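So the structure is just underneath, and the comments pick up after that.
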Amino acid sequence: MTTTYNPFRDMDRLFNQVARAVSVDGRTMPMDLYRSGDVFTVKMDLPGVDPASIDIDVDDRVLTVRAERAPEVVDTSDEKNGWVSRERSYGTYARQISLGSGLDLASIAASYTDGVLTLTIPVAEEAKPRKISVAVNPSSVIEGPAA
Numbered sequence: 049m050t051t052t053y054n055p056f057r058d059m060d061r062l063f064n065q066v067a068r069a070v071s072v073d074g075r076t077m078p079m080d081l082y083r084s085g086d087v088f089t090v091k092m093d094l095p096g097v098d099p100a101s102i103d104i105d106v107d108d109r110v111l112t113v114r115a116e117r118a119p120e121v122v123d124t125s126d127e128k129n130g131w132v133s134r135e136r137s138y139g140t141y142a143r144q145i146s147l148g149s150g151l152d153l154a155s156i157a158a159s160y161t162d163g164v165l166t167l168t169i170p171v172a173e174e175a176k177p178r179k180i181s182v183a184v185n186p187s188s189v190i191e192g193p194a195a
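Numbering (the numbering used here), first residue to last: 49 to 195.
Rendered as structure tokens:
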């Protein structure tokens, strides 16, 4: 029986625990991770984040995403102005993902559209399954008696 190669298998349990955890200060970076063929795709919700503030690093097989959402400034100098309710969180967000072996770290790509950061992480060529053909040497073929 063969199994599909999944470099994230070791971290699935940890991811499921962390992804569902609620942060104390409300600063979360919800994430989806799926595989489509030879590419893993990570989607992170970062609504209201300035794309220029997004910083992505890979160091020793750990991918780190940092982003910042700046608070809105409201003129409170007049008594008629001011916050009535303020529930959205602001500040710096960060998330780390441990990457398994067998991924092409040099080919990771990122895009940011409509508040969603999308990372594509291809499987490295050496980690892809492949067939090995068997060469037949004609001199080693044993022929049976002629009929």
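From the three backbone atoms N, C-alpha and C, an ideal C-beta is built for every residue, glycine too.
Keep in mind that this is a model prediction, so the values were computed, not measured.
- Of the residues Leu-94, Asp-103 and Pro-78, the one whose Cα lies closest to the Cα of Ala-157 is Asp-103.
- Residue pairing by DSSP puts Ala-157 in a beta bridge opposite Thr-168.
- Buried is the label assigned to Val-113, since at least 16 other Cβ atoms lie within 10 Å of its Cβ.
- For Ile-145, the enclosing beta strand (DSSP E) covers residues 139-146.
- As the crow flies, the alpha-carbon of Asp-86 is around 40 Å from that of Glu-135.
- Each of Val-90, Ser-155, Asp-123 and Ser-146 was checked against the Cα of Leu-165, and the nearest Cα belongs to Val-90.
- Every beta strand (DSSP E) of 3 residues or more that sits fully in the stretch 98-133 is shown, in chain order, as 103-107 and 110-117.
- A check of alpha carbon separations from Pro-99 across Ser-146, Glu-116, Asn-185 and Ser-155 identifies Glu-116 as the nearest.
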